[in-house]
Amino acid sequence: MSGKIAVVGAGSWGTAISALLAKKDFSVALWARDSKLARVMQASRHNPRYLVDVLVPQNVLITDDLGEALEGAKTVVFAVPSHAMRSIVQRVREHLISEALILSLVKGIEVDSLMRMSEVIESELPAEFHKKIGVLSGPNHAEEVSREIPSATVISAHNREVALKLQESFMTPYFRVYTNSDIVGVELGGATKNVIAIAAGISDGLGYGDNTKASLMTRGLAEMTRLGVTMGARPLTFSGLSGVGDLIVTCTSRYSRNRAVGEKIGKGMTLEEVSRDMRMVAEGVRTSLAIRYLAEKHGVEMPITKNVTEVLYEGKDPHDSVSDLMTRGARDEIELLREQEWG
540 MSGKIAVVGA
550 GSWGTAISAL
560 LAKKDFSVAL
570 WARDSKLARV
580 MQASRHNPRY
590 LVDVLVPQNV
600 LITDDLGEAL
610 EGAKTVVFAV
620 PSHAMRSIVQ
630 RVREHLISEA
640 LILSLVKGIE
650 VDSLMRMSEV
660 IESELPAEFH
670 KKIGVLSGPN
680 HAEEVSREIP
690 SATVISAHNR
700 EVALKLQESF
710 MTPYFRVYTN
720 SDIVGVELGG
730 ATKNVIAIAA
740 GISDGLGYGD
750 NTKASLMTRG
760 LAEMTRLGVT
770 MGARPLTFSG
780 LSGVGDLIVT
790 CTSRYSRNRA
800 VGEKIGKGMT
810 LEEVSRDMRM
820 VAEGVRTSLA
830 IRYLAEKHGV
840 EMPITKNVTE
850 VLYEGKDPHD
860 SVSDLMTRGA
870 RDEIELLREQ
880 EWG
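Per this note's numbering, the very first residue in the sequence shown carries number 540; after that it's consecutive.
Pasting the structure below:
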């Protein structure tokens, strides 16, 4: 392979993707915001904060100099927290070459604007880049991808040629990449499932069983799909890797920070205590408010999401949330069908 790829963000996912691309013989630059972290990684070829057992290949340039990382890069990959995306894009844009493709790995919604990450990027870049933006989302824990455990994902973009180029760049024998033209659905699936995973973790923390978690995941998927379809997504996208696939792994995996946050909350910790206890704040904590605001804006009923935000931010007792969810009014499971299917 040829062409330089710059990965912006040296967290767990940025580190894992840098290693994956380097093994395909790309020239890879990994930008770390923290100068000390960059120096340690340069010397040891390991990320001491995230994925400590993963060797970063020698053909990955690790730097805290954004200009150096982006110089000549034909693909720029964003792997930063959602709340930092806008400010980082503002710094990146002056270094982009005209032919650069842009890929977001970030699963979140900007709370102030309620924009998806591709929309945030588009709003900060010149028009010439708008059709060159793609997103990657799926059931992809960095801990497993970095160990070459077989995984699959989805890349979406408005432009098919862009999606196919990115697919070719990221596909490996252990990382299978599919394309999907539904960028709205792919991004919303990745963001909303984090909120449902917090609910699943709360269930674990309260000591509930598999029945409870399965019910939360299934009804959570219904919430995700309702919001997505209202915002222009295709319902089938939520049955794919970036929807139910990502939902399953985030609600069940030991690597899931969102599930872990929920479990700690379910065991009686406050959000402030959880934030102090965890090195990385789970995206779903911030995203939950944005998803609730989106639901209210579009008139979409999302009771699980609403209860998660009430527990996290309004001090609601998780037991009361369970009671409220279980005693809601009776209804048909497949809401789109309603009475016409009864004949």
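Each residue gets a CB set at the ideal place from its N, CA and C atoms; glycine is no exception. These numbers were taken from a predicted model, which means no experiment stands behind them.
Out of the options, point me to the one whose CA is closest to residue i's CA.
| i | options | result |
| --- | --- | --- |
| I556 | E687, E649, E661 | E687 |
| E853 | N719, E811, M841, L864 | E811 |
| E840 | M865, I722, T769 | T769 |
| D721 | K752, A761, G767 | G767 |
| V650 | I843, P587, R867, V824 | V824 |
| K563 | S708, L590, L605, G744 | S708 |
| R796 | G779, G807, D816 | D816 |
| R758 | G746, R773, G744, F777 | F777 |
| A829 | S690, A702, L559, R655 | R655 |
| G561 | R572, R578, V579, R584 | Inspection of the sequence shows that residue 561 is occupied by Ala rather than by Gly. Closest option to A561, Cα to Cα, is R584. |
| D604 | V616, V591, S626, H634 | H634 |
| V701 | A869, T614, V599 | T614 |
| D573 | D863, G611, V619, V674 | V619 |
| E683 | L600, K646, F714 | F714 |
| V674 | S652, L727, R632, P689 | L727 |
| V547 | F565, A571, A558 | A571 |
| R793 | M763, N679, K575 | N679 |
| V567 | Y717, G553, S781, K575 | G553 |
| V723 | G782, G748, S690 | G782 |
| G677 | E849, V850, D785, S827 | D785 |
| G771 | G868, L760, E849, H837 | H837 |
| T692 | V800, Y589, I873, G779 | G779 |
| V599 | R699, S626, S657, A545 | A545 |
| K704 | R773, A639, L760 | A639 |
| V850 | M808, I787, A753 | M808 |
| H858 | I627, E822, D743, L664 | D743 |
| L609 | I641, E658, A730 | I641 |
| R773 | S695, I648, R588 | S695 |
| E762 | Y747, H697, T731 | T731 |
| G729 | S626, I648, E835 | I648 |
In this structure, what does DSSP give as the bridge partners for residue i?
| i | result |
| --- | --- |
| F777 | F777 pairs with nothing; no bridge assigned. |
| R715 | A691 |
| R655 | I648 |
| G673 | L642, A696 |
| K543 | S566 |
| V684 | Per DSSP, none; premise fails for V684. |
| F709 | According to DSSP, which records beta bridges pairwise, F709 is partnered with nothing at all. |
| F617 | V547, S643 |
Exposed or buried, which one is residue i when buried takes at least 16 other CB atoms within 10 Å?
| i | result |
| --- | --- |
| Q597 | exposed |
| I636 | exposed |
| A738 | buried |
| E667 | exposed |
| V750 | Contrary to the premise, residue 750 reads as Asn rather than Val in this sequence. Flag for N750 reads exposed. |
| T866 | exposed |
| E878 | Note on E878: pLDDT 49, under 50, position unreliable in the model; no value is reported. |
| L775 | exposed |
| V591 | exposed |
| Q706 | buried |
| A582 | exposed |
| T764 | buried |
| R831 | buried |
| K671 | buried |
| I660 | buried |
| K543 | buried |
| M540 | At M540 the pLDDT is 48, less than 50, meaning the model places this residue with poor confidence and gives no usable figure here. |
| K575 | exposed |
| S621 | buried |
| R870 | exposed |
| S862 | exposed |
| R699 | exposed |
| E802 | buried |
Just checking my contact of residue i with residue j at CB under 8 angstroms: how many whole Å lie between their CB atoms?
| i | j | result |
| --- | --- | --- |
| V725 | N719 | 6 angstroms |
| I741 | C790 | Contact doesn't hold; Cβ gap of about 11 angstroms is too wide. |
| V616 | L594 | Between L594 and V616 the Cβ distance is about 20 angstroms, and since that is not below 8 angstroms, they are no contact. |
| A681 | S551 | 4 angstroms |
| L745 | G805 | 4 angstroms |
| I873 | L755 | The pair is not a contact, with the Cβ atoms about 18 angstroms apart (cut-off 8 angstroms). |
| Q629 | E663 | 6 angstroms |
| A549 | N586 | 7 angstroms |
For the alpha helix (DSSP H) containing residue i, list its first residue and its last residue.
| i | result |
| --- | --- |
| I843 | 842–853 |
| V599 | Taken as a continuous stretch (DSSP letters only), V599 belongs to no alpha helix (DSSP H), being part of the beta strand (DSSP E) at 599–602. |
| S742 | 722–744 |
| S860 | 857–865 |
| R578 | 574–583 |
| E811 | 810–816 |
| I626 | Note on residue identity: the sequence assigns Ser, not Ile, to residue 626. Taken as a continuous stretch (DSSP letters only), the alpha helix (DSSP H) holding S626 covers 624–631. |
| S754 | 749–769 |
| Y832 | 822–837 |
| G606 | 605–609 |
| R793 | No alpha helix (DSSP H) holds R793; DSSP gives it neither H nor E. |
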